[in-house]
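In our numbering, the protein residues as written are 122 to 452.
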């Protein structure tokens with residue numbers, strides 16, 4: 122199956138992915154929120170990838186990849202995840218009649234674990250981190266004869282995710298800037314592949330947690346590095362940048378914002394107040410990033426990527442205790 126992992130990533134391939142994606146999904150809404158626009162001093166729109174059946178953007182990539190694997194008569198797949206990628210693979214595999222195994226770290230988000238199981242996958246809890254879970258996958262892959270779905274170094278995932286950014290530019294052709302959360306990197310790689318090839322002037326901003334900032338440090342240094350990985354926000358929880366997405370985003374970002382854990386909780390609270398959407402940490406982070414980028418974004422048309430909503434009850438409870446949830450942003 123190495124030919125699949127060498128498949129090109131391009132605007133042409135993103136367009137081709139639409140057929141597979143739209144056989145299973147519908148376009149997600151792109152909505153302007155006046156309160157956020159007034160807060161940021163720009164025309165602020167939200168891309169609601171949190172409205173997909175699995176609660177995150179990743180299902181686009183899962184469907185696209187599974188359509189290619191099914192055409193090659195693959196019977197089963199295995200992957201590692203902190204949640205949303207695993208949910209995507211489990212759900213897409215079930216739609217295509219493919220068996221799936223998902224390895225997650227111990228003490229993973231119980232809401233995400235539940236969704237993986239409900240989607241029909243075998244869930245294995247092993248290791249303390251994203252990277253330790255990956256080691257378990259490598260040992261099981263050959264013994265079980267499964268296709269190893271990497272959460273980042275997988276071209277069909279990135280091309281599938283790109284279909285969401287095609288929707289952005291179709292709905293808002295004069296978009297100036299897009300803010301995207303980054304963990305393993307497939308989402309920001311898809312944004313660059315799609316948007317920059319249509320309009321090179323569009324600014325792509327990435328946001329990550331200071332407690333798991335491997336992607337940021339890799340971007341800053343220009344080479345892949347490892348870093349401590351302790352954030353509560355599963356969408357950010359990677360301890361290393363990954364080769365394929367890094368090769369795309371390393372020279373194509375306008376800037377990179379790093380948030381504290383408290384600021385990530387604040388983003389969840391602000392999303393609740395201004396949009397009435399329940400989000401997970403990575404999903405709400407673009408609001409806080411936009412606040413930090415206000416001077417650069419002033420007067421522009423800005424899209425915030427609400428990447429996912431699969432937060433644990435503890436995360437929501439803590440976020441919604443913040444005053445931002447009841448009264449909005451106060452300096």
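Using N, Cα and C, we set each Cβ at its ideal position, and we do this for glycine too.
Quick one: grab the DSSP three-state call for residue i.
i: residue 426; result: strand
i: residue 220; result: strand
i: residue 349; result: coil
i: residue 268; result: strand
i: residue 302; result: strand
i: residue 329; result: strand
i: residue 464; result: This structure cannot settle anything about residue 464, because the visible part of the chain is limited to 122 through 452.
i: residue 387; result: helix
i: residue 130; result: coil
i: residue 275; result: coil
i: residue 259; result: helix
i: residue 366; result: helix
i: residue 202; result: coil
i: residue 404; result: helix
i: residue 317; result: helix
i: residue 140; result: helix
i: residue 372; result: coil
i: residue 354; result: coil
i: residue 233; result: helix
i: residue 284; result: helix
i: residue 207; result: helix
i: residue 399; result: coil
i: residue 412; result: helix
i: residue 157; result: helix
i: residue 393; result: helix
Of all the options the options, which has the alpha carbon lying nearest to the alpha carbon of residue i?
i: residue 146; options: 159, 125, 216; result: 216
i: residue 137; options: 271, 171, 395, 278; result: 278
i: residue 289; options: 281, 441, 316; result: 316
i: residue 307; options: 410, 167, 178, 411; result: 178
i: residue 329; options: 339, 211, 448, 320; result: 339
i: residue 286; options: 150, 124, 446, 430; result: 150
i: residue 425; options: 127, 144, 157, 370; result: 157
i: residue 125; options: 372, 341, 276, 281; result: 276
i: residue 423; options: 415, 430, 397; result: 415
i: residue 253; options: 243, 268, 227, 235; result: 227
i: residue 483; options: 131, 161, 133, 142; result: Any property of residue 483 remains undetermined from this structure, which presents the chain solely from 122 to 452.
i: residue 241; options: 232, 189, 222; result: 222
i: residue 384; options: 403, 375, 366; result: 403
i: residue 280; options: 299, 333, 246, 310; result: 310
i: residue 197; options: 244, 429, 294, 219; result: 219
i: residue 255; options: 282, 382, 265, 224; result: 224
i: residue 274; options: 437, 141, 127; result: 127
i: residue 432; options: 231, 299, 337, 297; result: 231
i: residue 170; options: 181, 163, 164; result: 181
i: residue 381; options: 375, 374, 389; result: 389
i: residue 141; options: 440, 187, 166; result: 187
i: residue 166; options: 379, 294, 350, 343; result: 294
i: residue 373; options: 207, 312, 235; result: 312
Per DSSP, which one or two residues make a beta bridge with residue i?
i: residue 165; result: 423
i: residue 197; result: 220
i: residue 295; result: Beta-bridge pairing links residue 295 to no other residue.
i: residue 243; result: 222
i: residue 361; result: 347
Going by DSSP, what residue range makes up the beta strand (DSSP E) through residue i?
i: residue 323; result: Looking at the DSSP string, residue 323 is not in any beta strand (DSSP E), and its letter there is neither H nor E.
i: residue 377; result: 376-380
Round the Cβ separation of residue i and residue j to the nearest angstrom and send it over; I've been treating them as touching at under 8 Å.
i: residue 377; j: residue 302; result: Not quite, the Cβ-Cβ distance comes to about 11 Å (not below 8 Å), so this is no contact.
i: residue 251; j: residue 203; result: 6 Å
i: residue 168; j: residue 353; result: That belief does not hold up - the Cβ atoms of residue 168 and residue 353 are roughly 24 Å apart, past 8 Å.
i: residue 213; j: residue 184; result: 5 Å
i: residue 370; j: residue 327; result: 7 Å
i: residue 284; j: residue 131; result: At roughly 13 Å, the Cβ-Cβ gap does not stay under 8 Å, so residue 284 and residue 131 are not in contact.
i: residue 190; j: residue 268; result: 6 Å
i: residue 297; j: residue 413; result: 17 Å between Cβ atoms; not a contact.
i: residue 335; j: residue 347; result: 6 Å
Need the endpoints of the alpha helix (DSSP H) that residue i sits in, please.
i: residue 184; result: 179-192
i: residue 418; result: 415-418
i: residue 152; result: Element bounds for residue 152: not the alpha helix (DSSP H) but the beta strand (DSSP E), 151-153.
i: residue 446; result: 444-448
i: residue 342; result: 335-342
i: residue 434; result: 434-441
i: residue 308; result: 307-312
Does residue i have its Cβ less than 8 Å from a Cβ in chain B?
i: residue 432; result: Reference to chain B is not applicable here, since this structure consists of a single protein chain.
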